[in-house]
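My numbering puts the first residue of the sequence shown at 10, with every later residue one more than the last.
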Amino acid sequence: MPRSVHHVNLSVPEDGARAEGDWLVAMLGYREVDGGPEITALVESMGRRVWWFEADDGSQVHLSPGADHAVVPAAHTAVRLDDDLDPCIARLETGGFATRTIAFDGERHVFVTDPAGNLWELIGR
C-alpha cells in the first residue's frame, strides 16, 4: 500500500525551465536539490534533463524541460501548505499570478497557473 507521494514530474518548455524553477522557490518555498550522479547519468542516458526541487517534508517536484512540453487541461498538482495561505496568495498576486480560492471541507483551496501553464491547487487555512 502506498504511504505517500514522493514526487511529481512536470513537463515545462525548454525556454521556460528557469522561470518555472524560480517560481517554485519564490512562490511555494521549494528548494533546488541535486539528484546525485547516478540519477544524472540515468536521466542523461534517456536524453532528458531533470531539475529537482524539494519541500521541507521531503516531497519533490521534478521539472523536465523539453520541446515536447504540452499543458494537459484537466491535470493539476495539489499540495498542502502547513501555513496560513494568505502570505502565499499575496506573493502570487504580487508576482502577477491570478488566483482563485474556494472553501471545501473546512479548508481553502487556491488554484493558480504556473509560468509553464501547469495548474496547481494549494490547500491550507
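Cβ atoms here follow ideal geometry from the backbone N, Cα and C, with glycine treated the same way.
Since residue i is in the beta strand (DSSP E), which residue starts that stretch and which ends it?
i	result
Leu90	Looking at the DSSP string, Leu90 is not in any beta strand (DSSP E), and its letter there is neither H nor E.
Ala112	108-113
Gly104	No beta strand (DSSP E) contains Gly104, which DSSP labels as neither H nor E.
Is the distance from the Cβ of residue i to the Cβ of residue j below 8 Å?
i	j	result
Val80	Asn127	yes
Ile132	Val88	yes
Leu72	Ala28	no
Val70	Tyr39	yes
Arg100	Glu116	no
Given this structure, state the Cα-to-Cα distance separating residue i from residue j, to the nearest angstrom.
i	j	result
Arg109	Trp129	11 Å
Asp43	Glu23	19 Å
Pro124	Leu33	10 Å
Val52	Gly75	13 Å
Leu37	Ala50	28 Å
Phe106	Cys97	11 Å
His85	Gly45	28 Å
Glu41	Trp61	6 Å
Which class does residue i belong to by DSSP, given the choice of helix, strand or coil?
i	result
Pro96	helix
Ala79	coil
Val14	coil
Ser68	coil
> Can you list, in chain order, the stretches of the beta strand (DSSP E) that have 3 or more residues and sit fully within the region 17-48?
Replying inline: 40-42
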